[in-house]
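Comments concern the structure below.
Chains as they are written, first to last, in my numbering: chain A, 1 to 231; chain B, 232 to 462.
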């Protein structure tokens, strides 16, 4: 069985963990501090179940530290908050990280300047989280994808519009993008709707779409939407 | 006949001028310096006709300064480069500008940091060109729209996908947005595809989409595409 290490125990990380289990992967979800995470009794803003409750009903998902999840996974998925991503990755042993595919689905959202969030100034416009991760870990194969939509849709595109809408992908290594495309297809994405933007600098494009996404979300008050390229 | 003043003599301004003439508007296109513009014999990067050649075959379009075009129009359309927009508008008599609808279709592109362009740092993320125009001219009714696509599509959405794709609109004044929606419908936009994002601060969203647009354009090498919201 293939092994994936997922960093981040929020709704997004949980959604992927459950999906990969359903796809017969072995999954370890990583967090900063395991005992603290299991003891956490603060509900998030979305009213999600406590992590301990979620984990009790998803027992096939192994739980570990960021370091352990990176060591465990043949592929790593970054579902941490963008503001924490680099630090979470730095907790790994670099030898466990190097050479692996890192699927980066995070966005560098900055909640410090009011709602809706803006992007972290140092990670936008002439930089991006995807690029910063690639620069910080040059021997990791960073593939940015799926960061332009609500988590529920990422792993279940058929939920809306017959699954006929667009997911972007970018990264410096073609072979790694090819492997991630196969995972996208397992999620239900049609090959014709997977749009390759080029190298990892295109993360600027998909991350800077977030402010538009947030405004559309604000107007619709519902995250079950995506964009489709029409031409 | 209705009168529109268009600021900017590039491809975008010309496209709108020709379209509004076809729609039986009276049109004045404004530029910084009329004799200089008519004498200009430098081709642009797209190989467009010289302005004088274009104007010779579009003689119904009046030509004037920015100030004259603002005085002439009942509605003003900003098709200048984003980096020049505020200065172009400042050349108008404020009494000619106040109270009018200003349709802002410009983007604050910054070509100084390489290609594809980024956005002007002072006009992105926690600000935008649309907001900056509104702050600078508080008694103008700024409506931001159409800035998320190639000029040819703006005035002819039926060119692709049966015209079934999305145009965004935002602004602080509902009545002005309603008037601009009627113009969008004259261009061929379906009411159901005109997506109202809210107040002018949503310009951040539509302007920050440009880096993604530029990457899609780079991958397709063709500007005849747009996005459609699927839900």
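We put the beta carbon where it would ideally sit given N, CA and C, even for glycine.
Which first and last residues belong to the alpha helix (DSSP H) in which residue 426 of chain B is found?
The residue you call residue 426 of chain B lines up with position 195 of the second chain. Taken as a continuous stretch (DSSP letters only), residue 426 of chain B belongs to no alpha helix (DSSP H), being part of the beta strand (DSSP E) at 425-429.
Distance check for residue 448 of chain B and residue 278 of chain B, CA to CA, integer angstroms please.
On the second chain, residue 278 of chain B is found 47 positions in, with the first residue counted as 1. On the second chain, residue 448 of chain B is found 217 positions in, with the first residue counted as 1. Approximately 18 Å, taken between the alpha carbons.
Whole alpha helix (DSSP H) elements within the stretch 79-144 of chain A, 4-residue minimum
85-90, 94-97 and 129-136
Which of helix, strand or coil DSSP assigns to residue 412 of chain B
Along the second chain, read from residue 1 onward, the residue named residue 412 of chain B stands at position 181. Residue 412 of chain B falls in the helix class under three-state DSSP.
Can you tell which of A:19, A:43, A:42 and A:66 has the C-alpha that lies nearest to the C-alpha of residue 33 of chain A?
If you number the first chain from 1, residue 33 of chain A lands on position 33. The candidate whose alpha carbon is nearest that of residue 33 of chain A is A:66.
Range covered by the beta strand (DSSP E) that runs through residue 459 of chain B
Numbered from 1 along the second chain, position 228 holds the residue referred to as residue 459 of chain B. First-last of the beta strand (DSSP E) with residue 459 of chain B: 457-461.
Please compile the residues from chain A whose C-beta is within a distance smaller than 8 Å of the C-beta of residue 418 of chain B.
Position 187 of the second chain holds residue 418 of chain B. Chain A residues near residue 418 of chain B: none, gap ~16 Å exceeds 8 Å.
Any beta-carbon of chain A closer than 8 Å to the one on residue 427 of chain B?
Mapped onto the second chain, residue 427 of chain B falls at position 196. Yes, because at least one Cβ of chain A sits closer than 8 Å to the Cβ of residue 427 of chain B.
Closer than 7 Å, Cβ to Cβ, to anything on chain B: give me those residues from the stretch 119-153 of chain A, in chain order.
119, 121, 124, 125 and 126
Just the chain B side, please: which residues come within less than 7 Å of residue 115 of chain A by C-beta, in chain order?
Against the first chain, residue 115 of chain A aligns to sequence position 115. Under the 7 Å cutoff, chain B gives no residues; its nearest Cβ is about 11 Å from residue 115 of chain A.
Can you look up residue 37 of chain A in the DSSP assignment and give me helix, strand or coil?
Reading the first chain from its first residue, position 37 is the one you call residue 37 of chain A. Of the three classes helix, strand and coil, the one that applies to residue 37 of chain A here is helix, per DSSP.
For the alpha helix (DSSP H) that contains residue 3 of chain A, what are its first and last residues?
By one-based count along the first chain, residue 3 of chain A stands at place 3. Run containing residue 3 of chain A: none in the alpha helix (DSSP H); it sits in the beta strand (DSSP E), 3-7.
Sort out for me which residues DSSP pairs residue 294 of chain B with in a bridge.
As a first step, residue 294 of chain B must be located in the second chain, where it is residue number 63. For residue 294 of chain B, which the question treats as bridged, DSSP gives the partners B:260.
Touch test, the stretch 308-317 of chain B against the stretch 282-293 of chain B, Cβ-Cβ under 8 Å, three pairs minimum
no
Quick one: which residues of the stretch 439-457 of chain B get their C-beta closer than 9 Å to a C-beta of chain A? List them in chain order.
439, 440, 441, 442, 443, 444, 445, 446, 447, 449, 450, 451, 453, 455, 456 and 457
Please classify residue 22 of chain A: is it buried, with 16 or more other beta-carbons within 10 angstroms of its beta-carbon, or exposed?
On the first chain, residue 22 of chain A is found 22 positions in, with the first residue counted as 1. Answer is exposed; the Cβ neighbour count stays below 16.
According to the Cβ coordinates, are residue 126 of chain A and residue 375 of chain B closer than 8 Å?
Locating residue 126 of chain A in the first chain gives position 126, counting from the first residue. Locating residue 375 of chain B in the second chain gives position 144, counting from the first residue. Not in contact: residue 126 of chain A and residue 375 of chain B (Cβ atoms no closer than 8 Å).
Anticipated Cβ contact below 8 Å, residue 4 of chain A with residue 73 of chain A, distance rounded:
If you number the first chain from 1, residue 4 of chain A lands on position 4. If you number the first chain from 1, residue 73 of chain A lands on position 73. So it is a contact: roughly 5 Å between Cβ atoms.
Taking buried to mean at least 16 other C-beta atoms within 10 Å of its own C-beta, is residue 423 of chain B buried or exposed?
As a first step, residue 423 of chain B is located in the second chain; it is residue number 192 there, counting from the start. It counts as exposed.
Span of the beta strand (DSSP E) holding residue 402 of chain B?
Sequence index remark: in the second chain, residue 402 of chain B carries index 171 (1-based). Run containing residue 402 of chain B: 398-402, per the beta strand (DSSP E) assignment.
Rounding to the nearest angstrom, what Cα-Cα distance links residue 327 of chain B and residue 321 of chain B in this structure?
On the second chain, position 96 is the one that residue 327 of chain B refers to. On the second chain, position 90 is the one that residue 321 of chain B refers to. Approximately 11 Å between the Cα atoms of the pair.
Sequence-distant residues of the same chain with beta carbon closer than 7 Å to residue 16 of chain A, five excluded per side
Numbered from its first residue, the first chain carries residue 16 of chain A at position 16. Cβ within range, chain order: 6, 77, 79 and 155.
What residues in the stretch 286-317 of chain B bring their beta carbon closer than 9 Å to a beta carbon of chain A?
none
Segment limits, alpha helix (DSSP H) that includes residue 190 of chain A:
Residue 190 of chain A sits at position 190 when you count from the first residue of the first chain. Element bounds for residue 190 of chain A: n/a, residue is neither H nor E.
Three-way DSSP call (helix, strand, coil) for residue 447 of chain B in this model:
For the purposes of this step, residue 447 of chain B is taken as residue 216 along the second chain, with counting starting at 1. Correct three-state label for residue 447 of chain B: helix.
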